[in-house]
Structure formats: C-alpha cells, structure tokens
Amino acid sequence: MRQLLYTSTATPDITERDVRLIVGASQYRNAIEEITGILLFDGQRFLQFVEGAGPAITALMHRLYGDPRHGDIVVRHDVMVERRTFPIWSMRWVHLADRVEARRETIGRTIPTTLDSKVQREVHGFASLG
Ligand SMILES: Cc1cc2nc3c(=O)[nH]c(=O)nc-3n(C[C@H](O)[C@H](O)[C@H](O)COP(=O)(O)O)c2cc1C
Numbered sequence: 005m006r007q008l009l010y011t012s013t014a015t016p017d018i019t020e021r022d023v024r025l026i027v028g029a030s031q032y033r034n035a036i037e038e039i040t041g042i043l044l045f046d047g048q049r050f051l052q053f054v055e056g057a058g059p060a061i062t063a064l065m066h067r068l069y070g071d072p073r074h075g076d077i078v079v080r081h082d083v084m085v086e087r088r089t090f091p092i093w094s095m096r097w098v099h100l101a102d103r104v105e106a107r108r109e110t111i112g113r114t115i116p117t118t119l120d121s122k123v124q125r126e127v128h129g130f131a132s133l134g
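Residues in the sequence shown are numbered consecutively from 5, following the working numbering.
Here you go:
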C-alpha cells in the first residue's frame, strides 16, 4: 500500500462548487481504484492525502499533474505501508472553517490517531494557517 501526501495551489478562479465536483468525481473513481484519503481546501491551497496500491497512486498522480485546476504540486510524504489508515472514505472533503481554532477542532475529530505522525503534522500545519 502506498501513502502519498501533497499540497498544491488552486487556480485563482476556483470555487467551492468546483471543489464539490472534484470530490464527487474523485469518490466515484477512487472507489473503483480502491484509493482512500482526504482532501483539504483552504480557499487557495489543497492538501490531499491518498492511500492505495502503488500503480493506482502513480496513475492518479499523473492525472493530478495534468489537471489545470491546480498547480505547484509538492509531494511531502510518499511511503509504502502495511495497511490502510483510512479504510472507509474513498475521498473525504474536510471543510475548513474560517477560524483557526475551529479548523484545529475539525482536524482533531477527523484524522485517525493511528495515522503516520508526519502526515498528522502536515495536516495540522496546513489547517492551522490562518
Ligand atoms: C485537488 C484535486 C484533487 C483530486 N483528487 C482526485 C482523486 O482523489 N481521485 C481522482 O480520480 N481524481 C482526482 N482529481 C481529478 C483528477 O485530476 C482528474 O481530473 C480525474 O481523475 C479524471 O482524469 P481523466 O479525465 O484523465 O480520466 C483531483 C483533482 C484536483 C484538482
């Protein structure tokens, strides 16, 4: 199982509606590809964490690199693991509130404590940026 976390910059004209469409299509596609993970969007940047079979993640990354809805993809974590940390969600959109404290609460509730500690730090760091 491959785990990958990246951040990217959304194209300036992207809306919440666009993100909802991305998440809807991703949930459908990821269920078929047996990819699970989460997506965070703070209005300007994305953080996505994905887990799946190596070739499925490689294929997804190729599609992501070619997607004009975002750019500046920075891979921050890319490892092979024994088993999934996110067994249920094909792609969960974690909505971020405006207040940083509320964001921290949301992340605390959403992220399993079994998740790799480096990944947890990346997600908390992203969500804590005002
Ligand atoms: C921030 C972001 C996250 C995305 N996450 C996924 C995902 O988890 N799974 C997926 O299949 N496509 C995801 N996509 C969409 C892909 O980039 C791509 O458009 C989609 O997989 C369809 O690719 P295709 O038209 O080449 O078949 C995401 C796009 C963006 C901008």
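The beta-carbon is built from N, C-alpha and C at its ideal position, and this holds for glycine as well.
Residue closest to residue i, alpha-carbon to alpha-carbon, out of the options
i   : options            : result
Q52 : D22, E37, S30      : S30
V79 : E20, V123, V85     : V123
R33 : Q48, I61, I18, R21 : I61
G58 : R108, R87, D102    : R87
E37 : E20, A63, G47      : A63
Residues near residue i by beta carbon distance below 6 angstroms, same chain, minus five either side
i   : result
D97 : Strictly speaking, residue 97 in this sequence is Trp, with Asp absent from that position. Within the same chain, W97 has close Cβ partners V27, L43.
F45 : V23
Q7  : E55, V83, V85
C-beta atoms of residue i and residue j nearer than 9 angstroms
i   : j   : result
G56 : I77 : no
H81 : L9  : yes
Own chain, CB closer than 7 angstroms to residue i, minus 5 neighbours either side, in chain order
i   : result
H74 : S12, T13, A14, T15, F50
Neighbourhood of residue i by C-beta distance below 8 angstroms, restricted to the same chain and skipping five residues each side
i    : result
T114 : I42, R96, V98
Residues sharing a beta bridge with residue i, DSSP
i  : result
S2 : The requested residue 2 does not occur in the structure, where the chain is confined to residues 5 to 134.
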